[in-house]
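If you're matching positions, the sequence shown starts at 4 in my numbering and goes up one per residue.
Using N, Cα and C, we set each Cβ at its ideal position, and we do this for glycine too.
Worksheet: the structure to be examined is printed underneath.
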Amino acid sequence: STFFSLSLSFSPSLEGSHHFVCSPFSNRVKMPHAYPFLSPDQKKELSDIAQRIVAPGKGILAADESTGSVAKRFQSINAENTEENRRLYRQLLFTADDRIKPCIGGVILFHETLYQNTDDGTNFAQLIKDRGIVV
């Protein structure tokens, strides 16, 4: 039986040139892989978004529970797992008072949520963005 160790590391570059380094034992093999370049405006926008998400005192709200996960939560309180009940639950989360704004830098959403609206017709994703939070 032969023991073989392999490590793989990824080295990104903002200029679009990336290298995967594959090293069995001590031998290193570089495999170049190029991605399209980002324009200076795209780089700045990406950096600004990242800074907003990880600003001091802020975190990410993981609101991406699947319908199955929500079903378990609802079952524990004897609520029916319907799309309307899931929408109402998410509305409760996303319309909480503005004291949460300084604490949340970004929100991860479940696919269904992207198409849901508040009672007054405001799209959830837009509501969150309007509060200065990254979706």
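Is the closest heavy atom of the ligand ZN to the C-beta of residue i under 7 Å?
{"i": "P105", "result": "With respect to the ligand ZN, the structure offers nothing, as it holds no ligand at all."}
Based on Cα-Cα distance, which residue from the options lies nearest to residue i?
{"i": "F113", "options": "S72, R55, I107", "result": "S72"}
{"i": "D101", "options": "Q45, D133, A53", "result": "D133"}
Is the CB-CB distance between residue i and residue j below 8 Å?
{"i": "G62", "j": "I107", "result": "yes"}
{"i": "I56", "j": "V138", "result": "no"}
{"i": "F97", "j": "N88", "result": "no"}
{"i": "L130", "j": "T121", "result": "yes"}
{"i": "Q54", "j": "R90", "result": "no"}
Contact check, residue i vs residue j under 8 Å by CB: the rounded distance?
{"i": "A66", "j": "R93", "result": "7 Å"}
{"i": "G124", "j": "K104", "result": "Incorrect: roughly 22 Å between the Cβ atoms, too far for contact."}
{"i": "T70", "j": "N81", "result": "Contact doesn't hold; Cβ gap of about 17 Å is too wide."}
On the DSSP bridge list, what partners appear for residue i?
{"i": "N120", "result": "N126"}
{"i": "G109", "result": "I63, V137"}
Runs of 4 residues minimum, wholly inside the segment 28-83: which ones carry the alpha helix (DSSP H) assignment? 43-56, 70-78
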